[in-house]
Ligand SMILES: Cc1ncc(COP(=O)(O)O)c(C=O)c1O
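Numbering (the working numbering), first residue to last: 13 to 469.
The structure is reproduced here in structure tokens:
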């Protein structure tokens, strides 16, 4: 008997590869209540198997392309060292390579090197890379994408000082997608100016073009359009300057089906009127397999048409690797009536644990110890700060809540911990779960840690 497709995704915890055991959320054999008892809340839980299958799936989607695809995980999406270690190592035991690192700051560069990532598998992006970090990167053989003419000059000065010639990439800004402060414009001639500058440099050679055009992409179109612009520019650079572009980096930006970016109107209605945003529809997010297939065939066809050798394709995924492999558990302290029939659910999370993603995105949430209870009530879920801005969900329909219930906010694996702060409360702990065993990746901050850098005597 054919089963009817659900109209929306993310209504069941099984959509995240989790288990509903008689109403209790189980993560790879571990009960969320046991996790809460042992580690407290707020608590991020990393689902290792999901992480591993996300890497495999992404890699498989882009496999088969010659001369090859290189994948660099974007550290800014989830910079928890324990998670990064899993990404760099996972798969190695099956003979697969772990992911490389995409970094955008001297700290992230340091972290990737500290994690033992081969410098040739690190890409250093960012629009203002300090000279010290360029020195470190150049000396170690890290791939650098220059963001502006200013940076090219800085890079050239460092290469001259070190007495080394270096192959670099430039970040270009196609006409599609993000075109704010990043990169060198293709349409306005900035990218060509940069190439012209490099072609006259004794120290620099440009062998790569990089761009990053979007986030939460649900279809292949933006990546394909950017890819075609980059290939055409590579062909032009080859014709005019004899430069061979060996790598083409399309950045990250691949979406996941369970997270939806809020439209402007949805955002406004949510903020002003507390209208809950709608969950993503089933089929709204193109599977990575068909998305990759379309990008790769567009790339291959354009290279053939322009008679250039296909470049190595580099990708810098963040969200698609880690988002749905992590969730955030919060404890409900109690329920308090407000004005206009509004019911506040007070939790031990809040803006400091969820700020950026829940401002811009739809995320599903479950009452992890009452998965089988019917939806009961719309709640305004808040944190414990003395600020009306300390909301988690401005309106969400949940089963009837009581003190001690556990709220699971899904897809906390991208941009949650990165944007979190320790505003009046210590930052959340992070544990990883695999085969029925949990281990700590990040301890909850202590008060001493919170003042560890302060001087008052
Ligand atoms: C240069 C660059 N690469 C990769 C990423 C990762 O993006 P995502 O998490 O959407 O895949 C970002 C995110 O902003 C980025 O700026």
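Beta carbons are placed, not taken as given, at the ideal position from N, Cα and C, and that holds for glycine.
{"Query": "heavy atom of ligand 1 below 7 Å from residue 424 C-beta", "Result": "no"}
{"Query": "Closer than 7 Å: residue 266 CB and nearest ligand 1 heavy atom", "Result": "yes"}
{"Query": "Terminal residues of the beta strand (DSSP E) in which residue 518 lies", "Result": "For the chain, the structure presents residues 13 to 469; residue 518 sits outside this window and is missing."}
{"Query": "Alpha-carbon to alpha-carbon, residue 345 and residue 221", "Result": "51 Å"}
{"Query": "Check whether residue 249 and residue 336 have beta carbons under 8 Å apart", "Result": "no"}
{"Query": "Entirely enclosed beta strand (DSSP E) segments - the stretch 332-413, minimum 3 residues", "Result": "338-349, 355-359, 377-379, 389-394, 403-410"}
{"Query": "Presumed contact (8 Å Cβ cut-off) between residue 118 and residue 145, rounded CB distance", "Result": "4 Å"}
{"Query": "Distance, residue 429 Cα to residue 113 Cα", "Result": "18 Å"}
{"Query": "Chain-order list of residues whose beta-carbon lies under 8 Å from that of residue 66 (same chain, five-residue window excluded)", "Result": "332, 333, 334, 336, 337"}
{"Query": "Proximity below 8 Å, CB of residue 326 to CB of residue 84", "Result": "yes"}
{"Query": "Residue 166 at chain D interface by Cβ criterion, 8 Å", "Result": "In summary, chain D is missing from the structure at hand, where a single protein chain is found."}
{"Query": "DSSP beta-bridge partners of residue 217", "Result": "179"}
{"Query": "Selection from 243, 207, 330, 197 that minimises the alpha carbon distance to residue 228", "Result": "330"}
{"Query": "Top-ranked residue by Cα proximity to residue 399, from 467, 418, 426, 435", "Result": "435"}
{"Query": "Backbone CA spacing between residue 282 and residue 142 [nearest angstrom]", "Result": "40 Å"}
{"Query": "Per-residue burial, residue 26 [other beta carbons within 10 Å of its own, 16 or more giving buried]", "Result": "exposed"}
{"Query": "Host beta strand (DSSP E) of residue 443 (start-end)", "Result": "441-446"}
{"Query": "Beta-carbon proximity check, residue 440 vs residue 365, cutoff 8 Å", "Result": "yes"}
{"Query": "Reduced DSSP category for residue 457 - H, G, I as helix; E, B as strand; rest coil", "Result": "coil"}
{"Query": "With 16 other Cβ atoms within 10 Å as the buried cut-off, status of residue 261", "Result": "buried"}
{"Query": "Cβ-heavy atom distance, residue 89 to ligand 1, below 7 Å", "Result": "yes"}
{"Query": "Proximity test, residue 86 beta-carbon vs ligand 1 heavy atom, cut-off 7 Å", "Result": "yes"}
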